[in-house]
Amino acid sequence: MNAYKRFLPGEICGAVANWGHANRTTGIRVPAAEGSAARVEYRLADGSANPYLVAAAVLHAVAHGWREETEPPEPRTGDVSLNPFGDPEVPARLGLAVDAFEADKWLYEAFPHDLSAALCVLKRAEQQWFDRAVTDWERDAYLPHH
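The numbering of the sequence shown is the working numbering, which starts it at 133 and goes up by one.
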């Protein structure tokens, strides 16, 4: 639940579906490096995410883009933490992320059905527990999009 508290305007945690080179405000960062220093930084997930599921979802998307020969959008430059280009934003709460996952049949069906269904049930329960435990002040102060 705390992971979603970082998705606030002006933060540089990568809360928007975009990419750039030397840009720490983008969701995906591809630094201009060669050899063993070359890398892609997926900055949308944090340390509380299951790294195996994140890697599987990202690789599924990469494979799809490769097969479809999809051209990526232009890399973003400058501070894009306030989303000046109107790129798709990460859901601001866990419950909204579960809704988006269920609605995205392409991604939902990329995993075994039992896994996707169980993940949704567990994460919805986690959101409900959070909603019962967090005060109105915390909701108003930290989750302006609820």
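The C-beta atom is built at its ideal place from N, Cα and C for all residues, glycine as well.
Review point. What residue from Asp211, Val172, Ala164 and Ala187 has the CA that sits closest to Thr157's CA?
Key: Asp211
Practice item. List the residues that DSSP assigns as beta-bridge partners of Val148. Key: Glu221
Review point. So, helix, strand or coil for Arg175, using DSSP?
Key: coil
Review point. Starting from Arg271 and walking both ways along the alpha helix (DSSP H), at which residues does that stretch end?
Key: Asp268 to Tyr274
**Study point:** Any 3 or more C-beta pairs closer than 8 Å across the segment 187-200 and the segment 210-225
**Key:** no
Point to revise | Three-state secondary structure (DSSP) of Arg256 | key: helix
Practice item. Given a cut-off of 9 Å, decide if His192 and Ala232 are closer than it, judged by their beta-carbon atoms. Key: no
Point to revise | Where Arg161 sits in the DSSP three-state scheme | key: strand
Review point. Using a Cβ-Cβ cut-off of 6 Å (strictly less than) and excluding sequence neighbours within five positions of Ala177, which residues of its own chain qualify?
Key: Val186
Point to revise | Alpha carbon of Arg282 to alpha carbon of Gly159, nearest angstrom | key: What the structure shows of the chain is the stretch from 133 to 278, and residue 282 is not part of that stretch, so it cannot be assessed.
Review point. Does the pairing of the segment 143-153 with the segment 197-217 give three or more beta-carbon distances under 8 Å?
Key: yes
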